[in-house]
Structures are given as structure tokens and as C-alpha cells.
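See structure below.
Numbering (this note's numbering), first residue to last: 740 to 830.
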């Protein structure tokens with residue numbers, strides 16, 4: 740097993756122990772890049788660079804994890820994304 744695989748496996752184990760969730764943002768044909776970027780900065784405390792990168796990943800890959808944390812922290816953040824018209828869920 741390579742170092743990269745071992746690190747990924749350790750991260751997965753760590754997430755299971757801590758019980759972290761993720762907000763996944765999905766692509767749509769409605770929202771502009773600017774709107775998505777501004778909303779990620781506001782809702783997820785992203786820097787403008789993080790928000791721009793996430794918006795590009797969502798556009799080209801169809802989805803992107805935009806925030807990881809405890810459910811109680813993610814719930815209001817996801818609500819802000821949904822109220823802004825974005826397609827997101829906590830997994």
C-alpha cells in the first residue's frame with residue numbers, strides 16, 4: 740500500500756470516529772458563477788479562491804464537497820445554500 744492510499748485510509752477512519760458529515764453542492768443550469776461564489780463565501784466561510792475552485796469543480800464534475808464538519812455546524816450552512824437557490828445536501 741502506497742503512502743497516498745494509507746493516508747486516504749487513515750482519513751476515512753478518522754472521519755468515521757469523529758462522525759463528520761459533508762455538504763455536497765450539485766451543478767445546475769440556473770445559478771451564475773458569481774452567485775455560487777458569493778454564496779459559498781457567505782455560507783461556508785470560503786476564501787474567494789476556494790469558492791471559485793469549488794464552483795469550477797461543480798460545473799465540470801457535477802458536484803463538489805464544499806464543507807466538512809459536524810452535522811450541527813453544517814445544517815444552518817446548508818440551509819443558507821438552499822435558500823440562495825443552490826442544490827446541496829448533507830451526507
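Note that beta-carbon positions come from the ideal geometry of N, C-alpha and C, so glycine has one too. Quantities reported herein were computed from a predicted structural model and do not represent experimental measurements.
Can you find the residues in the same chain that come closer than 6 Å, C-beta to C-beta, to residue 785, ignoring five residues on each side of it along the sequence? Counting from 1 along the chain shown, the entry for residue 785 is found at position 46. For residue 785, where only same-chain residues beyond five positions count, the Cβ hits under 6 Å are 779.
Stretch pair the segment 761–779 + the segment 794–809: three plus CB contacts closer than 8 Å: In the pairwise beta carbon analysis, the segment 761–779 is classified as touching the segment 794–809: at least three pairs are separated by under 8 Å.
First and last residue of the beta strand (DSSP E) that includes residue 797? For the purposes of this step, residue 797 is taken as residue 58 along the chain shown, with counting starting at 1. DSSP places residue 797 outside any beta strand (DSSP E); the residue lies instead in the alpha helix (DSSP H), whose first and last residues are 787–800.
In the DSSP assignment, find the unbroken beta strand (DSSP E) run with residue 827 in it and report its ends. Numbered from its first residue, the chain shown carries residue 827 at position 88. Its beta strand (DSSP E) spans residues 826–829.
Cα-Cα, which of 830, 825, 829 is closest to residue 769? As a position in the chain shown, residue 769 is number 30, starting the count at 1. Nearest C-alpha to residue 769: 825.
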